[in-house]
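Worksheet for the structure shown next.
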Amino acid sequence: MMRPDTPLSRPMTPLERPLTPQSRPITPFGRPITPQARSENGSFDRPITPHVKDTAVDDGVTPIHLNIDWSAVDFDAIELPPGEDFGIISEDEEEELEEIQTETGFGSVIVVDNLPVVPPEKREKLEGVVRKIFGQIGGIRENGLYMPTDPETGKTKGFAFIEYTTPLEAQTAREQTNGYKLDKSHVFAVQMFDDFEKYAKVPDEYVPPELKEYTPKENLYAWLMDKRGRDQFVIRFNDHTEVYWNDPRQGKPEPVYQRSFWTENFVQWSPMGTFIATNHRQGAQIWGGPSWERREKFHHPQVALLDFSPGERFLVTYSTHEPSNPRDTQKVLLNVFDIRSGKSLRQFQGSADDFATAAGGSLGGVPWPVFKWAGGREDKFFARLGRNAISVYETETMSLIDKKSIKVDNIADFQWSPSDPILSMFIPEGGGGNQPARVTLMAIPSKEELRQKNLFSVSDCKMFWQTSGEYLAVKVDRYTKTKKSTYSGFELFRIKERDIPIEVLELENKNDKIIAFAWEPKGHRFAIVHGDGPRPDVSFYSMKSPKNTGRVTLLTTLKNRQVNTLYWSPQGKFIVLAGLKAHNGQLEFFNVDEVETMATAEHFMATEVEWDPTGRFVATCVTSVHQMENGFNIWSFHGNLLYRLPRDKFYQFRWRPRPPSLLSAEKEAEIAKNLKKYSKKYDEEDELITAEQNTTLKEERRAMIDQWTEWKTNWKRCNEDEKVLRLALRGDDSEDEEEFEQEEVEVEEIIDIQEEVITSF
Amino acid sequence: MRPILLKGHERPLTFLKYNRDGDLLFSCAKDHNPNVWFADNGERLGNYKGHNGAVWCCDVTRDSRFLVTGSADQSAKLWDVETGVQLYSFTFETPARSVAFSEGEKLLLITTDPFMGAPSAIHIKRVEAERTEQTQDSIEIIKGHVGRVTRAVWGPLNTTIISCGEDGTIRQWDASNGKELNMKEAHSKNIQTLSMSADGSHFITASADKSAKLFDTRTFELLKTYQAERPINAAAISPLLDHVVLGGGQEARDVTTTSSRAGKFEAKFYHKIFEEEIGGVKGHFGPINALAFNPDGRSFASGGEDGYVRVHHFDAEYFTMKV
């Protein structure tokens with residue numbers, strides 16, 4: 001996942017947020033920022049002090065220091081530029097504007113409406129009920145419950161104000177109790193006190209929104225129509241972001257688009273390559289089309305991470321915020337946006353602890369992505385791991401399916417199948433070892449358990465789905481009998497077969513550590529790096545070899561390889577065995593069909609390897625984790641170095657993904673069969689381009705030589721004029737002017753002449 | 001192309017100079033004693049003892065009789081090449097860096113570093129035929145560079161002086177009155193050195209901004225730019241073919257943090273006119289600080305931070321190579 005790696009040293013390009021004159025900040029989408037979000041700006045619990053700097057005082061500059069004779073200055077004659085700031089834009093301006101979001105101080109107050117109207121004698125009872133309901137959610141302040149009464153009748157008015165200790169609690173209370181059914185006729189309507197002004201402004205009469213005129217937008221898929229079928233990639237270095245065509249025939253990339261300060265921390269392609277996303281202080285933006293115009297902006301202050309749904313319908317944004325009280329945990333804010341409208345469909349927030357899971361890795365325990373999207377391009381479900389539960393949401397309603405999370409005690413990890421709405425879950429041993437660990441497959445939304453496997457003395461499990469969802473491999477680390485060490489094996493599920501048969505695979509040497517595992521995309525093979533020490537082995541297995549269709553078979557093992565990472569070509573068949581980090585960037589290009597090494601190479605210090613989406617090229621790069629050697633190399637799939645581009649402070653290299661092919665499987669097979677016929681055409685094209693390049697290169701070079709000769713002749717003429725002077729200066733009468741010149745001189749020399757008489761018989 | 005390894009210095013090399021005939025090679029290093037070698041076989045003739053600081057630069061007369069060296073011990077010394085006897089010592093308030101004889105060797109140019117508030121300067125001294133009449137007096141003292149003047153050489157007919165400095169500029173001065181005639185901000189980082197072509201028509205600058213540039217001596221017109229992947233410390237122009245050689249590497253202080261492969265300590269050859277890289281010579285295990293072509297163009301020498309001088313005689317293929 002992308003990590004923020006650029007220093008935040010410059011003001012960001014604003015999201016062009018209209019700053020309305022009234023006190024309430026309105027987002028571009030007309031949605032008020034929730035008080036929760038506002039408090040992140042640090043403006044909630046402390047008084048607002050105007051951020052005006054008196055430079056004369058601040059900097060201690062006095063007229064004496066400035067060396068100005070003030071008596072001689074005619075102040076009336078001085079004309080100041082117009083405007084309060086004298087036309088000088090303060091650097092703090094933006095910050096100030098954000099801070100001046102006047103607070104009413106009622107951020108932690110909610111208004112509960114639709115309470116029963118009760119006479120004074122019943123008032124106390126009602127108060128008790130209200131306290132009970134709202135006290136569960138957070139601490140109500142002393143005298144924090146106020147229920148106004150009608151002075152004439154003495155009855156309550158049917159609403160109450162409740163003040164919590166923190167705005168966060170108020171916010172949660174509003175969310176949880178709005179729509180709470182006290183009884184049939186009393187359904188609570190709970191609002192934030194601060195929002196009342198907004199509701200008051202709603203005009204009484206309905207005004208139909210103005211229809212915006214349709215403006216045709218650029219074709220987002222234009223890049224797919226490149227005549228030469230090239231692929232694009234984006235690189236980010238220094239403050240620059242640049243998009244290129246990969247053009248190995250020219251031996252260099254062809255620039256498409258470049259922009260400095262495009263993003264704060266990273267750029268990210270959408271999964272089908274339609275958009276590129278950038279992050280900014282105010283939110284995220286997506287760009288696309290031939291002119292890279294902005295397609296949408298997503299308001300989310302201090303957004304740190306983005307995640308697209310696989311079908312590009314939704315965008316999840318994530319940010320963490322320092323708590324106002326240092327003893328509290330960090331707060332997490334997530335938004336699910338509709339990509340086409342830019343509207344936030346659902347917001348999730350809570351403390352980092354709520355989002356942290358046992359299996360959590362980065363981000364202070366919060367795993368990323370927080371939400372995992374169900375397989376396929378329909379974007380129907382997304383799910384999040386909770387404590388003893390998985391929360392699966394439906395995108396149609398943006399709410400939990402069946403309105404509740406799926407309870408799974410002790411759950412440690414889950415994965416979606418990449419093609420179907422199937423969840424695989426790993427539940428470690430429970431009850432002090434009385435309950436076995438298990439791996440379960442569950443269909444969504446039916447919650448039907450498809451298959452379960454119990455496993456014993458397990459320390460950990462990792463689940464690997466094959467990209468087309470046909471197989472699931474579970475790497476199981478088991479304790480040895482002494483419980484002092486672990487060994488690894490695999491459980492292989494055949495998802496598409498009846499009853500989902502499971503097969504157990506153990507390595508020849510059970511004690512080998514598993515260093516890496518990777519399925520062949522779209523295929524039925526997988527590769528494992530295993531072994532101890534610096535030179536592990538690489539094994540290839542097949543789930544259906546010709547001889548043994550129902551069983552996993554070992555295809556081959558490569559011994560003693562400097563490998564720690566595996567990169568299959570997206571089309572399968574080829575794999576790059578890479579030794580990154582400790583192995584200093586060793587690369588082996590391997591053909592699994594033929595079981596042969598096509599090439600070995602090295603990209604010294606390489607940190608990343610990435611295949612282009614078509615499987616024709618491989619990029620290896622050294623990013624700024626290293627000081628030196630930054631830049632990237634492009635290789636052909638069989639390991640020819642095509643070109644390299646060094647760039648200092650190199651942060652990112654990303655191929656632009658492609659949407660899935662529109663060709664049917666039969667059509668693809670037909671093309672593969674008649675490949676010769678097709679390739680002929682392209683070969684000719686290639687030759688033409690190469691020939692053209694050669695001629696232009698020759699011409700360029702000739703021009704360069706001509707230019708140089710011309711300059712040289714001029715200089716020589718000048719030099720000749722000075723010759724006498726120079727020799728005089730030197731006190732030298734030799735005519736020997738030093739410049740060496742290479743000349744080819746043919747010398748014919750007759751060494752010997754002999755005459756022979758040849759007599760013929 | 002089997003290199004000859006000259007092991008005669010204990011500290012990083014700073015400068016290399018062939019005499020006009022190309023049979024002698026002078027090497028200066030941060031240890032205090034410049035050496036002289038037979039350029040052909042690498043045999044050491046001797047050294048010049050007397051300096052008490054790093055020796056930054058040297059120059060030798062056309063007749064190979066006298067040597068001048070500039071040192072961080074705040075002096076520049078004249079030596080008898082054959083005997084190694086110190087003939088004269090110019091003393092300064094600040095370290096001397098670059099030295100150069102004029103055409104005809106009547107004048108001597110010595111640059112001094114900024115030190116203790118004193119700015120950098122270019123001094124012009126008269127070289128007396130009689131050593132007894134030699135004085136410390138400078139004919140001219142030129143100031144103007146910001147920071148160190150890393151190298152200064154004479155322009156055509158001794159009328160101008162061309163200097164480069166840490167401020168990334170190249171400057172042309174009138175040798176008779178010290179006026180600045182031309183200034184160009186050539187590089188974005190400091191220029192480490194400059195080197196003249198054999199005929200004096202153009203010169204090459206080597207800069208820490210990872211590039212080297214070729215300029216017209218008279219007009220300062222930028223002729224060519226050579227882009228490299230590492231800071232350039234030294235550059236030289238082949239007198240025979242249209243080649244230039246660049247040397248450098250990552251900064252000395254970073255060398256120990258990576259393996260020698262990472263440092264790019266190769267001497268890189270570029271085609272002078274096409275600006276394309278055509279080859280490289282590996283060998284040093286530290287940055288290259290000094291480069292010099294033999295005046296016949298058939299060999300070159302490189303001096304590294306590692307304390308070695310490597311003399312390379314080109315193979316026959318080098319001369320027939322097609323670009």
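Those protein sequence lines, which keep their order, are chains H and G.
The letter at position 373 of the first sequence is residue 373 when you use UniProt numbering, and the numbering goes up by one with no holes.
The letter at position 277 of the second sequence is residue 277 when you use UniProt numbering, and the numbering goes up by one with no holes.
Backbone N, C-alpha and C define an ideal beta-carbon position, used for all residues, glycine too.
- [ ] Spell out a yes or no on whether the region 117-128 of chain G and the region 138-157 of chain G are touching, meaning 3 or more CB-CB pairs, one atom from each, closer than 8 Å.
- [x] As far as the Cβ criterion goes, the region 117-128 of chain G touches the region 138-157 of chain G, which means the pair count is three or higher.
TODO: State yes or no: is the beta carbon of G:Gln172 nearer than 8 Å to at least one beta carbon in chain H?
DONE: Chain H, which has no Cβ nearer than 8 Å to the Cβ of G:Gln172, makes this no.
Task: In DSSP terms, what G:Val36 is bridged to - done: Its beta-bridge partners are G:Phe26, G:Gly46.
Open item on the list: Please state the DSSP three-state secondary structure of H:Trp715.
Closed with: Of the three classes helix, strand and coil, the one that applies to H:Trp715 here is helix, per DSSP.
TODO: Below 6 Å CB to CB, which residues in the same chain sit around H:Val595 once its five sequence neighbours on both sides are set aside?
DONE: Setting aside the 5 residues that flank it on each side, H:Val595 is surrounded in the same chain by Thr556, each with a C-beta closer than 6 Å to its C-beta; the list follows chain order.
TODO: Return helix, strand or coil for H:Ser679, following the three-state DSSP convention.
DONE: Residue state, collapsed to three classes: helix.
Task: Buried or exposed by the 16-neighbour rule on C-beta atoms within 10 Å, applied to H:Ser664 - done: By the 10 Å Cβ count, H:Ser664 comes out exposed.
TODO: Return helix, strand or coil for H:Met463, following the three-state DSSP convention.
DONE: Correct three-state label for H:Met463: strand.
TODO: Please confirm whether G:Cys57 and G:Phe26 have their CB atoms less than 8 Å apart.
DONE: Contact check for G:Cys57 against G:Phe26 fails: the beta carbons are separated by 8 Å or more.
- [ ] Provide the residue(s) that pair with G:Tyr308 in DSSP beta bridges, ordered along the chain.
- [x] Partner(s): none; G:Tyr308 has no beta bridge.
- [ ] Tell me H:Pro255's beta-bridge partners as DSSP assigns them.
- [x] Beta-bridge pairing links H:Pro255 to H:Tyr244.
Task: Per-residue DSSP class, three states only, for H:Lys547 - done: Looking at H:Lys547 - three-state DSSP - the assignment turns out to be coil, as it is neither helix nor strand.
Open item on the list: Counting only beta-carbon separations shorter than 8 Å, does G:Gln192 have a partner in chain H?
Closed with: Residue contact with chain H for G:Gln192: absent (no Cβ-Cβ distance below 8 Å to any residue of chain H).
Open item on the list: Cβ closer than 8 Å: which chain H residues qualify as neighbours of G:Leu157?
Closed with: For G:Leu157, the C-beta contacts it makes with chain H under 8 Å involve Glu722, Leu725, Arg726, Leu729, in order along the chain.
Task: Proximity winner among H:Pro521, H:Pro248, H:Val267, H:Ala374, relative to H:Asp239 (alpha-carbon distances) - done: Ranking H:Pro521, H:Pro248, H:Val267, H:Ala374 by Cα distance to H:Asp239 puts H:Val267 first.
Open item on the list: The beta strand (DSSP E) that contains H:Phe517, what's its start and end?
Closed with: Counting along the chain, the beta strand (DSSP E) containing H:Phe517 begins and ends at 514-519.
Task: Residue of H:Gly283, H:Ser185, H:Ser542 minimising C-alpha distance to H:Leu115 - done: Of the candidates H:Gly283, H:Ser185, H:Ser542, the one whose C-alpha sits nearest the C-alpha of H:Leu115 is H:Ser185.
Open item on the list: Is the beta carbon of G:Gly178 closer than 8 Å to that of G:Glu140?
Closed with: It is a contact, given that the beta carbons lie within the stated cut-off.
- [ ] Give a yes or no on whether 8 Å exceeds the smallest Cβ distance from H:Met463 to chain G.
- [x] By this cut-off, H:Met463 is not an interface position.
- [ ] Take H:Thr149 and list the residues in its own chain whose beta-carbon comes closer than 6 Å to its own, dropping the five residues that flank it on each side.
- [x] For H:Thr149, the CB contacts under 6 Å within the same chain, skipping 5 residues up- and downstream, are Thr156 in chain order.
TODO: Evaluate the contact criterion for the region 666-683 of chain H versus the region 245-257 of chain H: three or more CB pairs, one atom per stretch, below 8 Å.
DONE: These segments do not touch.
Open item on the list: What would DSSP say about G:Gly200, mapped onto helix, strand or coil?
Closed with: Here G:Gly200 carries a coil assignment [DSSP, helix/strand/coil].
Open item on the list: For chain G, check one thing: does any of its Cβ atoms lie closer than 8 Å to the Cβ of H:Asn719?
Closed with: Cβ-Cβ to chain G under 8 Å: yes for H:Asn719.
Task: 6 Å CB neighbourhood of H:Phe653 in its chain, flanking five on each side removed - done: Leaving aside the five residues that flank H:Phe653 on each side, the residues in its chain whose CB is nearer than 6 Å to its CB run, in chain order, Ile235, Ala619, Cys621, Phe632.
Task: 7 Å CB neighbourhood of H:Tyr567 in its chain, flanking five on each side removed - done: Same-chain partners within the cutoff: Ile575, Val576, Ala578, Val609, Trp611.
Open item on the list: Output needed for H:Ser459: all residues of its chain with C-beta closer than 6 Å, excluding positions within five of it in sequence on either side, in chain order.
Closed with: Contacts found: Asp477, Tyr479, Thr486.
Task: H:Cys718 classed as buried or exposed, judged by whether at least 16 other C-beta atoms fall within 10 angstroms - done: When all chains shown are included, H:Cys718 counts as exposed.
Open item on the list: What does the alpha-carbon distance come out to for the pair H:Pro151 and H:Phe159?
Closed with: Between H:Pro151 and H:Phe159, the C-alpha separation is close to 15 Å.
Task: Chain-ordered neighbours of H:Trp708 on chain G, where CB pairs are closer than 7 Å - done: What H:Trp708 touches in chain G, judged by beta-carbon distance under 7 Å, is Ile273, going in chain order.
Task: Beta-bridge partners of G:Ser176, as assigned by DSSP - done: Paired residue(s): none; G:Ser176 is not in a bridge.
Task: Per-residue burial, H:Tyr146 [other beta carbons within 10 Å of its own, 16 or more giving buried] - done: With fewer than 16 Cβ atoms within 10 Å of its Cβ, H:Tyr146 is classed as exposed.
- [ ] Kindly say whether G:Glu229, judged by its beta-carbon, lies nearer than 8 Å to any beta-carbon of chain H.
- [x] By this cut-off, G:Glu229 is an interface position.
Open item on the list: With DSSP as the reference, identify every bridge partner of H:Met225, one or two as the case may be.
Closed with: Answer is none; H:Met225 lacks a bridge partner.
TODO: Classify G:Ser201 as buried or exposed, calling it buried when 16 or more other Cβ atoms lie within 10 Å of its own Cβ.
DONE: G:Ser201 is buried by the Cβ-count criterion.
Task: Among H:Leu345, H:Asn509, H:Glu429, H:Ile401, the one whose alpha carbon lies nearest that of H:Asn410 - done: Ranking the options by Cα distance to H:Asn410, first place goes to H:Glu429.
Open item on the list: Please report the distance separating the alpha-carbon of G:Gln74 from that of G:Phe269.
Closed with: When rounded, the distance between both Cα atoms is 35 Å.
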